[in-house]
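Protein chains: 2
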Amino acid sequence: MTKSSQISRSSCPVSCALDILGDKWTLLVVRDLIFFRKRYFGDFQNSPEKIATNILSDRLKKLEECHLLLRRRDPANARKIIYMPTEKCVDLAPPIMELVRWGAKYVPESDVHENLVQRFEQDPLEFMGEIRLSLRKENEANKE
Amino acid sequence: MTKSSQISRSSCPVSCALDILGDKWTLLVVRDLIFFRKRYFGDFQNSPEKIATNILSDRLKKLEECHLLLRRRDPANARKIIYMPTEKCVDLAPPIMELVRWGAKYVPESDVHENLVQRFEQDPLEFMGEIRLSLRKENEANKE
DNA sequence: CAGATTGACTTGCTTTTTGCAACCAAGAAT
DNA sequence: ATTCTTGGTTGCAAAAAGCAAGTCAATCTG
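If you read the protein sequences in the order shown, they are chains U and F. Its first residue numbered 1017, the first sequence is counted upward by one per residue in our numbering. Its first residue numbered 1017, the second sequence is counted upward by one per residue in our numbering.
Laid out in structure tokens, this is it:
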């Protein structure tokens, strides 16, 4: 189970993307990483969707295999593990933001975090730049 | 099994969107509807990913329940059924295009339909407008 | 420095969803 | 009339999801 199933169903980029992201949980973990800056196992567990620990564990493993995140030991507390999003992960912000817009438009029970959306809509490039910058700082802070 | 499972995991629009779209097949059917203008059961079957007929049948049913498509009998051939995307469905073009960009950037085995991407990138609004317009014409052609 | 607690998982088991392959029925073509 | 096509359904095996409980090392607590 070390390598993820690398068989892609077709050469279509949508299908290739969905081979990695196409399930109910993966993109929620990515959302938590990018937009809510969650970094620890317990943080993801506490998201309102209440993912089961075995599934979370599996998704984190797969995301690492696909190079969407890096796993590190917390220098401040050796029993904690820090999950850091990579550039490949951060670049999922635009598709996720478009899903937010769609969800907000069509699913009545959805409740948008207005400030996040507004910041993205106003200037997507700056928004992305900010995320990348703070990520770089974080990386330096606990490099090892 | 008539009504789709309407329990949303949370009020987050990403999670709400994924409650509907979050699996390996649904967005591929939507892609076929929007970008390749597939309309018949057999068209979807023939996509390179080779969806199984029972799953296709199930996804078409669920998409209809969620008002992403309309099912009609073909006036020209009574045994054929036309699946027409709705506005709600067409509005998934932006998230899908962003997935295309991501897939094209990061998944080496993916092979983009350059013309589609270019047309979208050059002028997203016009691209969307065209799709909507041709959909309206199609609707009139086989209204009933 | 022993004992309780926390954080990050794993295991076992049940339920649900996928994925074949085969089958079927109504309408159209010959 | 019978053969083919289209759009499915059914049955069954395999994989994935979901839940509760257990593990195990690190670290706080007294």
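Glycine included, C-beta positions come from ideal geometry on N, C-alpha and C.
Asked: So, with DSSP's three-state summary, where would you put residue 1023 of chain F?; Found: coil
Asked: Flag this pair as touching only if the segment 1136-1143 of chain F and the segment 1141-1155 of chain U have three or more C-beta atom pairs under 8 Å; answer yes or no.; Found: no
Asked: Strictly under 9 Å for the Cβ-Cβ distance: is residue 1120 of chain F near chain U by that measure?; Found: yes
Asked: State the start and end residues of the unbroken beta strand (DSSP E) segment that holds residue 1064 of chain F.; Found: No beta strand (DSSP E) holds residue 1064 of chain F; DSSP gives it neither H nor E.
Asked: Along chain F, in chain order, which residues have C-beta atoms closer than 8 Å to that of residue 1110 of chain U?; Found: 1114, 1117, 1118
Asked: My assumption, with CB atoms under 8 Å, is that residue 1045 of chain F sits in contact with residue 1112 of chain U. Please give the rounded CB distance.; Found: Not confirmed; about 21 Å, so no contact.
Asked: Just to check my reading of the structure: residue 1106 of chain U and residue 1050 of chain U have Cβ atoms closer than 8 Å, yes? What is that Cβ distance to the nearest angstrom?; Found: 6 Å
Asked: Give the residues of chain U in contact with residue 1058 of chain F, contact being defined as C-beta atoms less than 7 Å apart.; Found: Those do not exist, as residue 1058 of chain F stays about 18 Å from chain U at its closest Cβ, beyond 7 Å.
Asked: Does the contact criterion of 3 or more C-beta pairs under 8 Å hold for the segment 1074-1086 of chain U versus the segment 1094-1105 of chain U?; Found: yes
Asked: Report the rounded CA-to-CA distance for residue 1074 of chain F versus residue 1124 of chain F, giving the unit in angstroms.; Found: 31 Å
Asked: Go ahead and pull the three-state DSSP assignment for residue 1122 of chain U.; Found: helix
Asked: Check each residue of the segment 1031-1063 of chain U: if its Cβ is closer than 7 Å to any Cβ of chain F, include it; give the result in chain order.; Found: 1031, 1032, 1033, 1034, 1038, 1039, 1040, 1043, 1044, 1047
Asked: Can you list the residues of chain F that residue 1104 of chain U reaches, using a CB-CB cut of under 9 Å?; Found: 1118, 1121, 1122
Asked: Are the CB atoms of residue 1041 of chain F and residue 1067 of chain F within a distance shorter than 9 Å?; Found: yes
Asked: Along chain U, which residues have their Cβ under 7 Å away from the Cβ of residue 1065 of chain F?; Found: 1025, 1026, 1031
Asked: Strictly below 9 Å CB to CB, what residues from chain U border residue 1107 of chain F?; Found: 1117, 1118, 1121, 1122
Asked: Within the continuous alpha helix (DSSP H) that includes residue 1140 of chain F, where are the two ends?; Found: 1140-1157
Asked: According to DSSP, which residues form a beta bridge with residue 1089 of chain F?; Found: F:1097
Asked: Would residue 1120 of chain F be called buried (16 or more neighbouring beta carbons within 10 Å of its own) or exposed?; Found: buried
Asked: Decide if residue 1017 of chain U is buried, meaning its Cβ has at least 16 other Cβ atoms within 10 Å, or exposed.; Found: Unreliable positioning characterises residue 1017 of chain U in this predicted model, as indicated by a pLDDT of 36, which lies under 50. A coordinate reading is not provided.
Asked: Look up residue 1052 of chain F in the DSSP assignment and say whether it is helix, strand or coil.; Found: coil
Asked: Can you tell me which of the three DSSP states residue 1078 of chain F falls into?; Found: helix
Asked: Under DSSP, the alpha helix (DSSP H) around residue 1037 of chain F begins and ends at which residues?; Found: 1029-1037
Asked: Taking C-beta to C-beta, are residue 1060 of chain F and residue 1034 of chain F nearer than 9 Å?; Found: no
Asked: Listed in chain order, which residues of the segment 1122-1141 of chain U have Cβ atoms closer than 7 Å to some Cβ of chain F?; Found: 1122, 1123, 1125, 1126, 1127, 1128
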